[in-house]
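Here the structure is laid out as structure tokens; the discussion comes afterwards.
There are 2 protein chains.
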Amino acid sequence: MLLTAEINAISLKAKLFRGFSDPSRLSILECLLDGPRNVSEIVTVTDLSQPNASNHLSCLRDCGLVTAVQEGRYVYYRLSDDRVANLLTLADEVLAEVARGVYECTRVSQA
Amino acid sequence: MLLTAEINAISLKAKLFRGFSDPSRLSILECLLDGPRNVSEIVTVTDLSQPNASNHLSCLRDCGLVTAVQEGRYVYYRLSDDRVANLLTLADEVLAEVARGVYECTRVSQA
DNA sequence: ATATTATATAATTGTATACTGATATGTTTA
DNA sequence: TAAACATATCAGTATACAATTATATAATAT
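So the sequence lines, in the order shown, correspond to chains A and B.
Position 2 of the first sequence, counting from 1, maps to 1317 under my numbering, and the rest follow consecutively.
Position 21 of the second sequence, counting from 1, maps to 1336 under my numbering, and the rest follow consecutively.
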């Protein structure tokens, strides 16, 4: 039986990873690796619809992975912490190792 | 417009992170930080039902995050790469920075 | 004030996936 | 071989999530 504190810590971590676990959000995060971008720029780079981008940005902001600053009529987003970039880099390294396995992972749940 | 190769790389990475994005799977991975464990041990430590654990283990195995070796009637699972552990550690560090933000992220999608 | 541009939210819908319980398969020992 | 134990799979249900469309809010310009 897990302690409540452990359950909470694990849920937090799962939530953090969930922020990275969607291709649209990853596209946004990688777009922000080069520096702050406003929503229009993000929409252009990622090819997401504006509401969709906004929606994912809300999630990323609420989860603390990005921060937003309004400048005039633009809202500029940036990564909230350097370690967010580190996580993306480290993920690349793991991927290089296990890429084939992940690529073949079409399996979801027991399907 | 993203190039196809970029889309594939991003989808791969999203899939990798998805392996980490569920509390049950995270519990299993953290249990394996201490070394190889068989399914019964994993079930005991994580308090998951045996079919549920088996299901998540299948996913983790297919995604290349863990490897399995049968020994007698036991199947021992272990992390497939040291960097999997590194990712978990780095996630802890990011969490320490943005924990409050993530904790307050009760928002799912547009809810 | 009105129009225009930029961004955010709401409601809907389809799909993915996690969990439970039941059952099947595989492995060892008697 | 039979019994006991370990692990995997299947079917059904409930929930979570993403994409879309429409609309609302905020800021600037005319």
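Glycine included, every Cβ here is placed at the ideal spot set by N, Cα and C.
Model, not experiment: these values are computed from the prediction.
For B/ALA1400, no CB of chain A lies under 8 Å from its own CB, so it is not counted at the interface with that chain. Ranking B/LEU1410, B/ALA1406 and B/GLY1379 by CA distance to the CA of B/SER1395 puts B/GLY1379 first. Within the segment 1362 to 1395 of chain A, the runs of alpha helix (DSSP H) that reach at least 4 residues and sit entirely inside it are, in chain order, 1365 to 1377. Distance check between B/ASN1353 and each of B/ARG1333, B/SER1339 and B/ARG1388 places B/ARG1388 closest, using alpha-carbon atoms only.
Taken atom to atom, the span from the alpha-carbon of A/LEU1344 to that of A/ILE1325 is near 23 Å.
Between the alpha carbons of A/GLY1334 and B/ASP1349 lies a gap of roughly 26 Å. The DSSP assignment places 1338 to 1347 and 1354 to 1361 as complete runs of the alpha helix (DSSP H) inside the segment 1324 to 1365 of chain B, in order along the chain (cut-off: 4 residues).
Across the structure, B/ASP1362 and B/VAL1390 are spaced so that their CA atoms are roughly 18 Å apart. Restricting attention to A/TYR1392, A/ALA1368 and A/LEU1405, the CA atom closest to the CA of A/PRO1351 is found in A/TYR1392. Interface residue (Cβ-Cβ distance to chain A less than 8 Å): B/ARG1352 is not classified as such. Not a single C-beta of chain A is nearer than 8 Å to the C-beta of B/VAL1384.
By the CB criterion at 8 Å, A/LYS1328 and B/LEU1410 fall inside the cutoff. Burial check for B/PRO1338: the Cβ neighbour count within 10 Å reaches 16 or more, so the residue is buried.
Between B/GLY1387 and chain A, the shortest Cβ-Cβ separation is not below 8 Å.
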